[in-house]
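Heads up: the sequence shown is residues -26 to -1, 1 to 82, going by mature numbering (1 follows the signal peptide of the UniProt record, and there is no 0). Every residue gets a Cβ at the ideal spot worked out from N, C-alpha and C, and that includes glycine. Quantities reported herein were computed from a predicted structural model and do not represent experimental measurements. Only one structure is covered here, and it is reproduced in the block below.
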Amino acid sequence: MLSTLKLLFLCFLGIVLLGGVTPSHAAVRRYRFELRNSTHSRLCNNKTMLTTNGQFPGPIIYARRGDLVIVDVINSANHNITIHWHGVKMPRYPYMVGWARVCDAVPY
């Protein structure tokens, strides 16, 4: 027969091992943004503006804390684009917004 201490140890070990096998609740959220120049009518005037997926303002990114967010950006505009995020805490960076060459989105 197993002693009480050995039984408790085996129960603890089982809980730890099963806890490592349970699925995580974090999700992978993938977005595809196509940036292009589009002509829109605002205040009875046609204007060419940069849109994301044909929308202005662009689409909303939905995510929860701990989710992995992957954003594929396709630049179909006729000039270079810099993407940065407002209100997102970034790891190892004290501010919530990055700008070009400081904490920008690096393509890979």
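Could you tell me how far apart the beta carbons of residue i and residue j are, in whole angstroms, since I believe they sit closer than 8 Å?
{"i": "ALA51", "j": "ASN11", "result": "5 Å"}
{"i": "THR26", "j": "PHE7", "result": "5 Å"}
Report the rounded CA-to-CA distance for residue i versus residue j, giving the unit in angstroms.
{"i": "SER(-24)", "j": "PHE(-18)", "result": "10 Å"}
{"i": "LEU17", "j": "PHE30", "result": "15 Å"}
{"i": "ALA37", "j": "LEU(-22)", "result": "44 Å"}
{"i": "TRP59", "j": "VAL2", "result": "18 Å"}
{"i": "ASP41", "j": "ALA(-1)", "result": "5 Å"}
{"i": "residue 108", "j": "ILE57", "result": "No answer is possible for residue 108: it lies beyond the span of the chain, which begins at -26 and ends at 82."}
{"i": "CYS(-16)", "j": "ARG39", "result": "32 Å"}
{"i": "VAL(-11)", "j": "HIS53", "result": "54 Å"}
{"i": "LEU(-20)", "j": "LEU(-14)", "result": "10 Å"}
Excluding the 5 residues flanking residue i on each side, which residues of the same chain have their C-beta closer than 8 Å to its C-beta?
{"i": "ARG5", "result": "Per the sequence presented here, residue 5 reads as Tyr, with Arg not at that position. Closer than 8 Å at Cβ, skipping near neighbours: PRO33, ILE35, VAL43, ILE44, VAL45, ASP46."}
{"i": "LEU9", "result": "LEU24, THR25, THR26, VAL47, ILE48, ASN49, SER50, ALA51, ILE55"}
Which same chain residues end up closer than 7 Å to residue i when comparing Cβ atoms and leaving out the 5 residues on each side of it in sequence?
{"i": "HIS14", "result": "LYS21, MET23, PHE30"}
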